[in-house]
Amino acid sequence: MKKKSVLLLSVLTVLLLSCANDSESDLSEPVKLEVVTYDNYVKNVVSENCLFCHTSPPQNGAPMQLTTYEDVKNAVINRGLLDRISSFDPNFSMPFGGPRLPQTTIDAMKKWYTDGLLEQ
């Protein structure tokens, strides 16, 4: 009887854990902007997630600043910013040492690129 109880408890635990959602990204609402621009979306994302290191002057070993539209646009075009924020590799992804951005944020940043990296 004790073996059955332990087995049943183990099965129930596995079932409950498999229902958990560890990713905040999956819970985030999609960004509902027809056109993503630096001013209406990207500036806030960068401010909240990047400026701790990518300020002027850059801190904590950051190689460049991301304080202006031109800085961020250049980082997307020439420095692989979208690859860095999309990566699951903790040694490559940004923000470095922090949690990965929600997938909805990453998707909106990619939409900004697709929309032409508009400022306004």
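When you line the sequence shown up against mature numbering (1 follows the signal peptide of the UniProt record, and there is no 0), it's residues -20 to -1, 1 to 100, in that order.
In this text, a Cβ means the ideal position worked out from N, Cα and C, and glycines have one as well.
Treat the numbers as computed from the prediction; the structure is a model and nothing was measured.
#### Entry: Top-ranked residue by Cα proximity to Asn29, from Trp92, Asn71, Gly77
Gly77
### Query
With distances taken between CB atoms, is the gap from Asp95 to Val15 smaller than 8 Å?
yes
#### Entry: Beta-carbon proximity check, Leu13 vs Asn20, cutoff 8 Å
yes
### Task
Go ahead and label His34 buried or exposed: buried means 16 or more other beta carbons lie within 10 angstroms of its beta carbon, across all protein chains shown.
buried
### Task
Grab me the residues of Pro38's own chain with a C-beta within less than 8 Å of its C-beta, minus the 5 sequence neighbours each way, in chain order.
Hits under 8 Å: Met44, Gln45.
### Same chain, Cβ closer than 8 Å to Val25, five either side skipped, listed in chain order
Leu81, Thr85, Ala88, Met89
### Ile65 burial status per 10 Å Cβ neighbour count (16 or more: buried)
Here Ile65 is buried. Its C-beta has 16 or more other C-beta atoms within 10 Å.
### Query
So what's Glu14 in DSSP terms, helix, strand or just coil?
coil
### Task
Taking the CB atoms as reference points, tell me whether Tyr18 and Val52 lie closer together than 8 Å.
Against a cut-off of 8 Å, the Cβ pair of Val52 and Tyr18 comes out as a contact.
### Task
Note the first and the last residue of the continuous alpha helix (DSSP H) segment covering Gln39.
Segment: none, Gln39 is in no alpha helix (DSSP H) and carries neither H nor E.
### Task
Go to Ser66, then tell me how far its alpha helix (DSSP H) extends in each direction, as first and last residue.
Unbroken alpha helix (DSSP H) run through Ser66: 61 to 66.
### Query
Whose C-beta lies closer than 7 Å to the C-beta of Glu99 among residues of the same chain, with five residues either side of it excluded?
Taken in chain order, the residues that qualify are Thr17, Tyr18, Asp19, Tyr49.
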